[in-house]
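Undergrad:
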Amino acid sequence: MQHTSLLLLVLLLIGNSILVLTEDKASEDKKSSEKHQQSSKELEDGHKPCKIRDVGEGRKVCVCNSEYCDTIPRPKKPSKSKFILYTSNKQGLRFHKTAGQFNKNHRSKKSEYDIHVNPDQKFQKVIGWGGAFTDSTGINMKTLDKKAQDLIMKSYFSEEGIEYNMCRVPIGSTDFSVRNYTYDDSKTPDKNLEHFALAPEDFNYKIPFMKQAMELSKNGPIKFFGSTWAAPLWMKTNNKYYGNGFIKKEFYQTWADYFVRFLEEYYKNGVPIWGITTQNEPSMAVLELKDIPTVGWSSTNMSIWLRENLGPAIKKSKYPNTVIMALDDQKLFLPWYINSVFEDQNSKKYVDGIAIHWYFGVFTPCSAFNITHTKYPDKFILSTEACSGFQTSSGVLLGSWERGEGYSKDIIENLNCWVVGWVDWNMVLDMQGGPTTIANFVDAPIIVDKKSGEFYKQPMYYHLGHHSKFVPENSVRIGVTQRIGGRIWVTAYQKPDRGIVVVILNKKDEDVTMRIVDKPMGVATLKISKRSINTILYSYD
Numbered sequence: 149m150q151h152t153s154l155l156l157l158v159l160l161l162i163g164n165s166i167l168v169l170t171e172d173k174a175s176e177d178k179k180s181s182e183k184h185q186q187s188s189k190e191l192e193d194g195h196k197p198c199k200i201r202d203v204g205e206g207r208k209v210c211v212c213n214s215e216y217c218d219t220i221p222r223p224k225k226p227s228k229s230k231f232i233l234y235t236s237n238k239q240g241l242r243f244h245k246t247a248g249q250f251n252k253n254h255r256s257k258k259s260e261y262d263i264h265v266n267p268d269q270k271f272q273k274v275i276g277w278g279g280a281f282t283d284s285t286g287i288n289m290k291t292l293d294k295k296a297q298d299l300i301m302k303s304y305f306s307e308e309g310i311e312y313n314m315c316r317v318p319i320g321s322t323d324f325s326v327r328n329y330t331y332d333d334s335k336t337p338d339k340n341l342e343h344f345a346l347a348p349e350d351f352n353y354k355i356p357f358m359k360q361a362m363e364l365s366k367n368g369p370i371k372f373f374g375s376t377w378a379a380p381l382w383m384k385t386n387n388k389y390y391g392n393g394f395i396k397k398e399f400y401q402t403w404a405d406y407f408v409r410f411l412e413e414y415y416k417n418g419v420p421i422w423g424i425t426t427q428n429e430p431s432m433a434v435l436e437l438k439d440i441p442t443v444g445w446s447s448t449n450m451s452i453w454l455r456e457n458l459g460p461a462i463k464k465s466k467y468p469n470t471v472i473m474a475l476d477d478q479k480l481f482l483p484w485y486i487n488s489v490f491e492d493q494n495s496k497k498y499v500d501g502i503a504i505h506w507y508f509g510v511f512t513p514c515s516a517f518n519i520t521h522t523k524y525p526d527k528f529i530l531s532t533e534a535c536s537g538f539q540t541s542s543g544v545l546l547g548s549w550e551r552g553e554g555y556s557k558d559i560i561e562n563l564n565c566w567v568v569g570w571v572d573w574n575m576v577l578d579m580q581g582g583p584t585t586i587a588n589f590v591d592a593p594i595i596v597d598k599k600s601g602e603f604y605k606q607p608m609y610y611h612l613g614h615h616s617k618f619v620p621e622n623s624v625r626i627g628v629t630q631r632i633g634g635r636i637w638v639t640a641y642q643k644p645d646r647g648i649v650v651v652i653l654n655k656k657d658e659d660v661t662m663r664i665v666d667k668p669m670g671v672a673t674l675k676i677s678k679r680s681i682n683t684i685l686y687s688y689d
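Listed below in structure tokens is the structure:
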């Protein structure tokens, strides 16, 4: 997790002649939240509607408890010449479903905004969408009764939820734990990891929910990937979980073996791990600005460790196909950090992908992704962490539509620039935005109120769902008009079943009429509501 103190990092980078570019409060809508109930047609489709609650200043959440929670069934493929439009908006619609028809007459009246879809222009394949099984996520779910816990899990992973297919799992503690710990907190150096053991948190807050997610998923195996925050103190140069500390060189191999042991222990407990990242936000150690557990890595030493220790250790293990992702830090490190790590081909060959975080993404233009992809087309780029509320207005802001818009804007901009998926941070937090060891409270898509036994689905949840629900793994991004005027963002995909998905974010404070123009299909005219996220589905078959 990052904080505003990272602005200092930006200044440092600028001071070192690293060029970053900037890219380009709307009024609150105070209409009654009760006006936007779902239609009977949707109920016939099995859709349980959102129970809207206005929490003040026009902000709205969907209320769930052990007896009820809204659902969104998996849509059927539209018949040829038809389209389906799902809309969620600031006024209170949540996955509101309407339908329409394409007009074969391409000369039909033009709208102010035309979106041209070109399925012949193909880009990257999507890997997936998800969130993180932090200690705090599990702690908060366990404050509710079992029925409510199950409804949260179904909301994220089942066919009646938003169908996450990949999740991050911390290897040990993070700042979203209630204590600092690693898997080998020996008082003396333990080079052979004789005292290595998973923590109670793994068995109480992570593994049971991860196994439940596996059972709920109908999209094939969930791609779990592990990331380290803290390292055992005896391995570190500063003998602290946090701060300006690095792995002592005599423990480089031990640290690599630590990753392998994590894979082994999770496999033993019924959770196969798809991938690992090399270290969560190593830049935090260099700056020593927060008490967030971390390990620092220069790009040079990271390259050495990959080449001589981590890469060979993974390849020699029982799990040689484990995906390795480098960086796992801010976008603004692209491409120079990766360029340095990949200077040695023997380091580069062990890396499958590049992991990035969304914080202060305004300082990273699309060109940084384009340069990285062009130079390393065989290395995917995955967004592995994001959250709102880390800024000066910290913590939970119930019902914030603007925070949901921030998610969708970042997702669309990232995917339009070669990123293959987007993984959120904490999936579930409490009303304050914790628990956390250092009071760095943030927001999450689902918030638990343990006093009432309720949980609240935030706008962020629905914004994520407009992508994760409708764009499955192996969908391919296709050509589309990405920007049409100010405050409107667009992306498009072709699914494995050849169905087309178009996602439109409208941040304007006015409804707009749009046309989707697709040569094989014709023209579809849409009324897109103000301050909305929209997913359009259609098929050539």
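First residue of the sequence shown? That's 149 in the working numbering, and the numbers climb one at a time after it. The beta-carbon is built from N, C-alpha and C at its ideal position, and this holds for glycine as well.
Should Arg327 go down as buried or exposed, given a rule of 16 or more other Cβ atoms within 10 Å for buried?
TA: So Arg327 counts as exposed.
Undergrad: Measuring straight from C-alpha to C-alpha, what distance separates Val596 and Gly554?
TA: 22 Å
Undergrad: Quick one: what does DSSP say Thr376 is sitting in, helix, strand or coil?
TA: strand
Undergrad: Comparing C-alpha positions only, which one of Arg207, Gly634, Gly633, Val650 sits nearest to Gln640?
TA: Correcting the residue type first, residue 640 is Ala in the shown sequence and not Gln. Checked all of Arg207, Gly634, Gly633, Val650; the closest Cα to Ala640 is Val650.
Undergrad: Write down every uninterrupted run of the beta strand (DSSP E) in the stretch 541-591 whose length is 3 residues or greater and which is fully enclosed by it, in chain order.
TA: With a minimum length of 3 residues, the continuous beta strand (DSSP E) runs that stay inside the stretch 541-591 are 567-574, 576-578.
Undergrad: Give the range of the beta strand (DSSP E) segment to which Val408 is assigned.
TA: Here Val408 belongs to no beta strand (DSSP E); instead the alpha helix (DSSP H) covers 400-416.
Undergrad: Return the chain-ordered list of same chain residues with a C-beta closer than 6 Å to the C-beta of Phe589, the five sequence neighbours on each side being excluded.
TA: Ser542, Gly543, Gln580, Gly581, Gly582
Undergrad: Tell me whether the beta-carbon of Val668 lies closer than 8 Å to the beta-carbon of Tyr688.
TA: The residue you asked about is not Val; residue 668 is Pro in the sequence shown. Cβ atoms of Pro668 and Tyr688: closer than 8 Å.
Undergrad: Taking the CB atoms as reference points, tell me whether Gly423 and Thr376 lie closer together than 8 Å.
TA: no
Undergrad: Can you check which of these residues, Ala672, Glu349, Pro337, Asn367, is closest to Ser616 by C-alpha distance?
TA: Asn367
Undergrad: Taking just the CA atoms, how far does Gly601 sit from Pro607?
TA: 20 Å
Undergrad: Based on the DSSP output, what are the partners of Gln249 in its beta bridges?
TA: Lys230
Undergrad: What residues match up with Phe394 in a beta bridge as DSSP calls it?
TA: Gly444
Undergrad: Taking contact to mean 3 or more Cβ pairs, one atom from each stretch, closer than 8 Å, check whether the stretch 263-270 and the stretch 651-667 are in contact.
TA: yes
Undergrad: Taking its Cβ as the centre, do 16 or more other Cβ atoms sit within 10 Å of Phe508, making it buried, or is it exposed?
TA: buried
Undergrad: Buried or exposed, going by whether 16 or more other CB atoms sit within 10 Å of the CB of His343?
TA: Under a 10 Å Cβ-count criterion, His343 is classified as exposed, with fewer than 16 other Cβ atoms of the shown protein chains found around its own Cβ.
Undergrad: If you run the structure through DSSP and keep just helix, strand and coil, what is Pro620?
TA: coil
Undergrad: Along the chain, where does the alpha helix (DSSP H) containing Thr522 start, and where does it finish?
TA: 514-523
Undergrad: Looking at Ala516 and Pro717, is the spacing between their C-beta atoms short of 8 Å?
TA: Nothing can be reported for residue 717: it is not among the residues displayed for the chain, which extend from 149 to 689.
Undergrad: Mind listing, in chain order, the continuous beta strand (DSSP E) runs of no fewer than 3 residues lying wholly within the stretch 261-288?
TA: 261-273, 276-280
Undergrad: How many Å lie between Cys315 and Ile421 at the Cα?
TA: 10 Å
Undergrad: Looking only at its chain, what residues have a beta carbon closer than 8 Å to the beta carbon of Leu292, apart from the 5 residues adjacent to it on each side?
TA: Ser214, Ile300, Val596, Lys598, Gly601, Phe603
Undergrad: Who are His505's beta bridge partners in DSSP?
TA: Gln478, Glu533
Undergrad: Cutting at 6 Å between CB atoms, please list the residues of its own chain near Met575, excluding the five before and the five after it.
TA: Same-chain partners within the cutoff: Gly279, Thr285.
Undergrad: Which residues in the same chain have their Cβ closer than 8 Å to the Cβ of Ser677, if we skip the five residues on either side of it in sequence?
TA: Thr235, Asn237, Gln239, Leu241, Asn654, Asp659
Undergrad: Quick check: Met450 and Val489, are their CB atoms within less than 8 Å of each other?
TA: yes
Undergrad: Spell out a yes or no on whether the stretch 455-467 and the stretch 399-416 are touching, meaning 3 or more CB-CB pairs, one atom from each, closer than 8 Å.
TA: Taking 8 Å as the limit for Cβ pairs, the verdict is that the stretch 399-416 does touch the stretch 455-467.
Undergrad: Please report the residue range of the beta strand (DSSP E) in which Ser431 lies.
TA: It is not in any beta strand (DSSP E) - Ser431 instead sits in the alpha helix (DSSP H) that spans 431-435.
Undergrad: Excluding the 5 residues preceding and the 5 following Asp591 in the sequence, name in chain order all residues of the same chain whose CB lies nearer than 8 Å to its CB.
TA: Cys535, Ser536, Gly537, Gly543, Val544, Leu545, Ser548, Arg551, Leu577, Gly581, Gln606, Met608
Undergrad: What is the rounded straight-line gap between the Cα of Asp572 and the Cα of Glu533?
TA: 5 Å
Undergrad: Are the beta-carbon atoms of Leu233 and Leu674 separated by less than 8 Å?
TA: yes
Undergrad: What's the C-alpha gap between Leu169 and Lys479?
TA: Unreliable placement is indicated for Leu169, whose pLDDT of 33 sits below 50; the coordinate value is still reported in the next sentence. Taking the Cα positions, Leu169 is about 12 Å away from Lys479.
Undergrad: What does the Cβ neighbour count give for Lys270, buried or exposed, with the cut at 16 atoms within 10 Å?
TA: exposed
Undergrad: What's the gap between the Cα of Glu436 and the Cα of Thr584?
TA: 18 Å
Undergrad: Tyr331: buried (16+ other C-beta within 10 angstroms of its C-beta) or exposed?
TA: buried
Undergrad: Considering only their Cβ atoms, is the gap separating Arg646 from Gln272 smaller than 8 Å?
TA: Not closer than 8 Å, so no.
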